[in-house]
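Notes follow once the structure below has been shown.
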Amino acid sequence: MTMLEQDDAELCGVITRFHEMAGDAPNFTKILNPQFQSPDWDHSRIVFAMKDDFVGNVKYRTLHGGITASMLMQPVVKRSC
């Protein structure tokens, strides 16, 4: 549980309800199959196989921002409530 959630019972309730509603719904974690290689909480390393579907900018072949955001949110969601 994050500090914000400890201080905000309503936020904690919303997150708990989201988990109940989402259940086993498909998410990026299942699609990307990431490998979490973090040595500790201060250093994150998430690795996954790049696919053409993940490209956000065709000219520069960079990763789509939504994929980056979803991977960054995984630790937050897993540690909540």
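Residue numbers (the working numbering): 3 to 83. Cβ coordinates follow ideal geometry from the N, Cα and C atoms, glycine included.
Secondary structure of residue i, DSSP reduced to three states
i   : result
V60 : coil
F50 : coil
D10 : coil
H21 : helix
C83 : Any reading at C83 needs caution, since the residue's pLDDT is 49, under 50, leaving its predicted position unreliable; the model's value is listed next. Here C83 sits in coil by DSSP.
D44 : coil
Close Cβ partners of residue i (< 7 angstroms) along its chain, the five nearest in sequence each way excluded
i   : result
G67 : G58
Other residues of its chain near residue i: CB distance less than 6 angstroms, five sequence neighbours each side excluded
i   : result
E22 : none
Contacting residues, own chain, Cβ-Cβ under 8 angstroms from residue i (five flanking each side not counted)
i   : result
T64 : V57 and G58
Segment contact flag, the region 49–56 with the region 34–41, C-beta cutoff 8 angstroms, min 3 pairs: yes
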